[in-house]
Amino acid sequence: QVQLVESGGGLVQAGGSLRLSCAASGNTFVVNTMNWYRQAPGKQRELVASITSGGTTNYADSVKGRFTISRDAAKNTVDLQMNSLKPEDTAVYYCNVESIFTRRPYWGQGTQVTVSS
Numbered sequence: 022q023v024q025l026v027e028s029g030g031g032l033v034q035a036g037g038s039l040r041l042s043c044a045a046s047g048n049t050f051v052v053n054t055m056n057w058y059r060q061a062p063g064k065q066r067e068l069v070a071s072i073t074s075g076g077t078t079n080y081a082d083s084v085k086g087r088f089t090i091s092r093d094a095a096k097n098t099v100d101l102q103m104n105s106l107k108p109e110d111t112a113v114y115y116c117n118v119e120s121i122f123t124r125r126p127y128w129g130q131g132t133q134v135t136v137s138s
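For reference, each letter of the sequence shown is one residue, going 22 to 138 in this note's numbering.
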């Protein structure tokens, strides 16, 4: 089992910044890639950014150049720095990992990000 706890969401004006954090605990040895997803009202959950244990990152086209994902292996945390936020970034953001052995996904409880225009 892996437990994920997110923090850092909130309300911000367009053009502002927020930093999300996710702390993993439990059997973290099964984790390679750590991901941030988001789900806006009425839309499907989408992958925002990911980072492997080796530091390789990947971003959705919609956030490239504005969001930065980072990871602290010693603390088992993954952060998402979000700059130049837009109203369309409004969503619930979820931290996600997948067991490298069973492929079972683990999700955090989600944190709300609201960007006002």
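Ideal Cβ positions, reconstructed from N, Cα and C, are used throughout, including at glycine. All figures in this text were calculated on a predicted structure; none of them were measured in a lab.
What are the start and end residues of the beta strand (DSSP E) that includes residue i?
i	result
Thr78	Thr78 to Tyr80
Thr111	No beta strand (DSSP E) holds Thr111; DSSP gives it neither H nor E.
Val99	Thr98 to Met103
Val26	Val23 to Ser28
Quick check on residue i: does DSSP put it in helix, strand or coil?
i	result
Phe50	helix
Ser74	coil
Ser120	strand
Ser38	coil
Ser138	coil
Nearest-angstrom Cα distance between residue i and residue j?
i	j	result
Asn137	Gly30	With the sequence shown as reference, residue 137 is identified as Ser, and Asn is not the correct amino acid for it. The straight-line gap from Cα to Cα measures roughly 13 Å.
Ala95	Thr111	31 Å
Val69	Asn48	24 Å
Ser42	Val23	16 Å
Leu106	Arg87	8 Å
Trp57	Asn117	6 Å
Does the beta-carbon of residue i have 16 or more other beta-carbons within 10 angstroms, so that it is buried, or is it exposed?
i	result
Leu32	exposed
Leu101	buried
Arg124	exposed
Ala45	buried
Ordered along the chain, which non-local residues of its own chain (more than five positions away) have a Cβ less than 7 Å from that of residue i?
i	result
Ala61	Thr111 and Ala112
Considering only residues of the same chain and omitting the five flanking positions on each side of residue i, which have a CB-CB separation below 8 Å?
i	result
Arg11	Within the shown structure, residues of the chain are numbered from 22 to 138, placing residue 11 beyond reach of any answer.
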